[in-house]
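Reading through the structure tokens given below for one structure.
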Amino acid sequence: MVFPVVFLKLADWVLYQLLANSCYRAARKVRNYGFFLRNQTPRSSSQQQAASLFPTASHCDVGNNIRSSQTLVCDIHGVLLRAETFFPYFMLVAFEAGGILRAFLLLLSCSFLWVLDYELKLRVMIFISFCGLRKKDIESVGRAVLPKFYLENLNLQAYEVWSKTSSRVVFTSIPRVMVEGFLKEYMAVDDVAGTELHTVGNRFTGLLSSSGLLVKHKALKAYFGDKKPDVGLGSSSLHDHHFISLCKEAYVVHKEDGRNNQSCLMPRDKYPKPLIFHDGRLAFLPTPFATLCMFLWLPFGIVLAIFRILVGICLPYRLAIFWGSLSGVQLTFQGCFPSSNLEQKKGVLYVCTHRTLLDPVFLSTALCKPLTAVTYSLSKMSEIIAPIKTVRLTRDRKQDGETMQKLLSEGDLVVCPEGTTCREPYLLRFSSLFAELADEIVPVAMNAHVSMFYGTTASGLKWLDPIFFLMNPRPSYHVQILGKVPPEFTCAGGRSSFEVANYIQRKLADALGFECTTFTRRDKYLMLAGNEGIVRENKRN
């Protein structure tokens, strides 16, 4: 009985709201289009006059802890975030949780979204982005994908007012599930009132709940009752003026200030909380134009990725570097080639920072010699297309130590002691196992840059990681060999394995301009994927 009810609700909404109402509004917009052009200057001045009813956020006094006991209310859209539209964030939900076809459908909707009013536009984007998706997938995107883009678009002026208050409540017409994780994890919000979505079982229907789209001034009255919040932040729209007029003090954030004013840009060092881990494939903010460019690039990107893989597998190192550079792959090498000690029967142990699964491949290519790489949870596809020898580790310290000792006796070995990749300028805690295995240790600082797709994932299909990285128009890798670790800083020189690991971590962080952390692989996967990042193979009885 549930499905027919949902279907009838959907049919009623499509026939009445989407067709009848939107056609009327579209006709009215087209009829008045010339009028808007002719009266652009007076309309602009009237908006400025309305906005001048309240002072701007830059005029809010935040000194001397005068607001340390006050309550602030605001919206995330157009106030805390500089972005003028929420479309990119719905696109992130559609692409990361729903897949490429859903993202393409949302992009196609841009052709008629412009004729809809704000409420209908929001309803359409919600339906396309959420219909049929599981709750846990949406919650994962809200926790692991969206915060990175929210932080990059924070309005510094609004945040300075936000950070000086003791209690903060956000009222927004955006679905609560899209913003609550970020606001509570990074912005220390006390409560979030947003639009609630209808669900059947553990899946979203794409429709709103019975409460409908949240109306901010009504929600504020219901939340605080007769009590007035101390500070209200709003945009220059008339709807927000009604909302913030219910506060003791009210300030506005202008669109022009957020878009053009450099003082509103939030630098990384002022983030409310360091951004160390995030997930998702898209490395850019998917505005309609940027998303269109991505879809136009995809066919070429897939062919280019296959070509680059074949070049790396089939051609000698010098030719691979030449043809790779012609295809757009940038490989920069810094440092000197380490000299091998003929008296040592073991190979050289290269200790690398871990940016993608291709770290050992690019190191081998830069050195123009074969290497063996050890790694965790490597997919079968990655093993097949890898142009170097790869060996899986088991996370059993004794067994892994024996495996690596054997591999070192056969030749040079590459190890990434972080145990997992990190996209941001941070180094995770180094495992100390490698320090117990060799005295000839060569630290290698590696860094990768992409413009369209990330070549790593915590919750997606790992066998696609190298393909996504190589689908970028101009992916780049920086390889810097720091030279062998001095004997006095090795275990043979009297240092403990933990001291050696920490010493190398600091050296690599200094070379890259990164920051050392004590986070581990387990911390990353618990935050991004809700598990410990351990792949257990199915065993047949």
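Residues in the sequence shown are numbered consecutively from 7, following our numbering.
Glycine included, C-beta positions come from ideal geometry on N, C-alpha and C.
How would you label residue i, buried or exposed, when you count the other beta carbons within 10 angstroms and need 16 or more for buried?
i	result
ASP516	exposed
CYS374	exposed
GLU102	buried
LEU302	exposed
TYR124	exposed
THR400	exposed
THR396	buried
ILE327	buried
VAL207	Correcting the residue type first, residue 207 is Gly in the shown sequence and not Val. Exposed is the call here.
ASP365	buried
GLN163	buried
GLN511	buried
LYS127	buried
GLU90	exposed
TRP168	buried
According to DSSP, is residue i part of a helix, a strand, or is it coil?
i	result
THR371	helix
TYR277	coil
LEU470	helix
GLU424	coil
ASN161	strand
CYS66	coil
CYS270	helix
LYS412	helix
CYS253	coil
GLN76	coil
ASN508	helix
HIS260	coil
ILE282	coil
TYR323	helix
VAL335	coil
GLU446	coil
GLN53	Note that GLN53 scores a pLDDT of 47, beneath 50, so its modelled location is shaky; the value from the coordinates is reported in the next line. In this structure, GLN53 counts as helix in the three-state DSSP scheme.
ARG361	coil
MET452	strand
PHE459	strand
GLU430	coil
LEU288	strand
LYS438	For the record, residue 438 in the displayed sequence is Ser; it is not Lys. SER438 falls in the coil class under three-state DSSP.
ARG174	strand
Is the beta carbon of residue i sitting closer than 9 Å to the one on residue j?
i	j	result
LEU534	SER146	yes
GLN486	VAL456	no
HIS223	PHE249	yes
GLN411	LEU443	yes
PHE436	ALA379	no
HIS284	GLU186	no
PRO472	ILE391	yes
ARG209	ARG140	yes
PHE520	TYR432	yes
VAL357	PRO344	no
HIS83	PHE92	yes
LEU220	THR205	no
PRO61	VAL258	yes
CYS428	ILE282	yes
ALA289	ASN478	yes
THR522	GLU255	The sequence shown places Cys at residue 522, rather than the Thr named in the question. No, these two residues do not count as a Cβ contact at 9 Å.
THR338	LEU363	no
LYS276	CYS253	no
VAL79	LEU226	yes
SER438	SER503	yes
VAL335	LEU325	no
With a cut-off of 8 Å on the beta carbons, I'd call residue i and residue j a contact; round off their distance for me.
i	j	result
LYS468	SER333	That belief does not hold up - the Cβ atoms of LYS468 and SER333 are roughly 24 Å apart, past 8 Å.
THR526	GLY425	7 Å
PRO292	LEU98	6 Å
PRO481	ALA454	7 Å
CYS320	GLY212	Not quite, the Cβ-Cβ distance comes to about 47 Å (not below 8 Å), so this is no contact.
ASP81	VAL237	With a Cβ gap of about 13 Å, ASP81 and VAL237 do not count as contacting.
Handout entry: Entirely enclosed alpha helix (DSSP H) segments - the stretch 177-221, minimum 4 residues
Key = 182-192
Exercise for the section: Return the chain-ordered ranges of every alpha helix (DSSP H) run that is complete within the stretch 81-151 and spans a minimum of 4 residues. Expected result: 93-99, 106-114, 116-119, 124-136 and 141-150
Problem - Runs of alpha helix (DSSP H) lying entirely within the stretch 379-404, each at least 4 residues, in chain order - result: 386-391
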